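Undergrad: Have a look at this one before I ask anything.
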Ligand SMILES: Cc1cc2nc3c(=O)[nH]c(=O)nc-3n(C[C@H](O)[C@H](O)[C@H](O)COP(=O)(O)OP(=O)(O)OC[C@H]3O[C@@H](n4cnc5c(N)ncnc54)[C@H](O)[C@@H]3O)c2cc1C
Ligand SMILES: NC(=O)c1ccc[n+]([C@@H]2O[C@H](COP(=O)([O-])OP(=O)(O)OC[C@H]3O[C@@H](n4cnc5c(N)ncnc54)[C@H](OP(=O)(O)O)[C@@H]3O)[C@@H](O)[C@H]2O)c1
């Protein structure tokens, strides 16, 4: 089936580190909810290569923003990283995904737990109205401190911001991984909030192994996956 792609124009490609980049794209009207993703694409050797990317911008911002990492030898991400202002980027017409606040039951505290570029959908969510939750905690876990990107944006939101740096010592960040810190109480302590089924809804995004390990840790605390038919406390989106 042929697909109608929209053609956007890159207006900025910001490189945060050697591997992390953010693309800003204009000229495409995309109707989506914060937390959703869309496929973006380039033509490589005559073939259109498309991958899902979460929106970073808020739904009412006409400039689209995507946050990516270069996967060495990946078919698309190294090429996206090389785009320059003025280059074309194809955007699919149909945003999708269920990692959005309208899918969530009531909770006192909203926890947004991310690894790496899994931060992206939570940036969009934090740029919208989160006032139905009394507290919002954003957790970003990365390998190295210089990968703690978007700090200015995050500090401009109402979220309590907790960071993990796993492969070097970093002042102000927790060591190790999110699941271990759920189990030993370090995450609750850093956030200043209880992580209980009575008080919390947890959204998880990023590395699929983290999603699995974090869900196992949360299960030990009595939290279970949220489904429309059987409401729970955990909503996940895997990036690969
Ligand atoms: C719903 C959804 C939303 C996504 N949103 C984003 C996003 O906002 N930003 C983003 O960078 N990627 C996102 N991805 C991943 C993205 O679609 C691509 O897989 C990624 O850009 C790499 O593309 P590639 O063609 O270079 O390599 P691929 O062939 O797609 O991937 C090769 C391998 O790279 C690893 N990998 C893929 N994506 C990542 C990643 N993000 N971080 C670390 N390792 C990875 C995995 O091991 C994967 O098997 C999302 C994926 C899904 C399913
Ligand atoms: N980040 C880089 O320095 C770098 C550089 C070049 C290329 N890349 C490429 O980018 C991809 C990975 O990038 P990334 O660093 O964004 O993602 P990542 O490997 O998912 O790591 C991000 C964070 O998630 C943590 N994590 C990994 N598995 C976990 C689990 N099971 N439970 C809880 N936490 C877990 C990592 O901790 P641990 O450190 O303990 O694993 C790290 O703190 C790879 O394809 C890699 O080749 C990355």
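Numbering (the working numbering), first residue to last: 20 to 259.
Even glycine gets a Cβ: it sits at the ideal position worked out from N, Cα and C.
All values reported here derive from a predicted model rather than from experimental measurement.
For residue 136, does the three-state DSSP call read helix, strand or coil?
TA: helix
Undergrad: Does the beta-carbon of residue 130 have 16 or more other beta-carbons within 10 angstroms, so that it is buried, or is it exposed?
TA: buried
Undergrad: Along the chain, where does the alpha helix (DSSP H) that runs through residue 232 open and close?
TA: 227-239
Undergrad: Between which two residues does the beta strand (DSSP E) harbouring residue 66 extend?
TA: 66-73
Undergrad: Among the residues of its own chain, which have a CB less than 8 Å from the CB of residue 87, if the five just before and after it don't count?
TA: 39, 40, 41, 42, 72, 96, 99, 100, 136
Undergrad: Excluding five sequence neighbours on each side, which residues of the same chain lie with their C-beta closer than 7 Å to the C-beta of residue 142?
TA: 75, 169, 172
Undergrad: Is residue 166 a contact residue of ligand 2, with contact defined as CB to any heavy atom under 7 Å?
TA: Yes; taking the cut-off as 7 Å, the Cβ of residue 166 has a heavy atom of ligand 2 nearer than that.
Undergrad: Measuring only the C-alpha atoms, how far is residue 199 from residue 105?
TA: 44 Å
Undergrad: Apart from the five residues on each side of it in sequence, which residues of its chain come closer than 8 Å, Cβ to Cβ, to residue 183?
TA: 158, 159, 160, 161, 192, 193, 194, 195, 196, 197, 200
Undergrad: Let me confirm a value: residue 225 is counted as buried when at least 16 other C-beta atoms fall within 10 Å, else exposed. Which label applies?
TA: The residue in question, residue 225, is buried, as its Cβ has 16 or more Cβ neighbours within 10 Å.
Undergrad: If you check the beta carbons only, do residue 240 and residue 214 fall under 8 Å apart?
TA: Taking 8 Å as the Cβ cut-off, residue 240 and residue 214 qualify as a contacting pair.
Undergrad: Beta-carbon separation of residue 153 and residue 176 under 8 Å?
TA: Judged by beta-carbon spacing, residue 176 lies beyond the 8 Å limit of residue 153, meaning their Cβ atoms are not closer than that value.
Undergrad: By how many angstroms is the C-alpha of residue 115 removed from the C-alpha of residue 51?
TA: 8 Å
Undergrad: Quick check: does the Cβ of residue 130 come within less than 7 Å of any heavy atom belonging to ligand 1?
TA: Residue 130: no, Cβ never under 7 Å from ligand 1.
Undergrad: Quick check: is any heavy atom of ligand 1 less than 7 Å from the C-beta of residue 160?
TA: no
Undergrad: Mind checking residue 65: buried by the 16 CB within 10 Å criterion, or exposed?
TA: Burial call: exposed.
Undergrad: Between 258, 202, 48, 32, which has its C-alpha nearest residue 82's C-alpha?
TA: Of the residues 258, 202, 48, 32, the one whose Cα lies closest to the Cα of residue 82 is 48.
Undergrad: Could you tell me whether the stretch 227-234 touches the stretch 144-152, using the rule of 3 or more Cβ pairs below 8 Å?
TA: The stretch 227-234, when compared against the stretch 144-152, does not touch it at the 8 Å Cβ threshold.
Undergrad: Helix, strand or coil, according to DSSP, for residue 30 in the structure here?
TA: Residue state, collapsed to three classes: strand.
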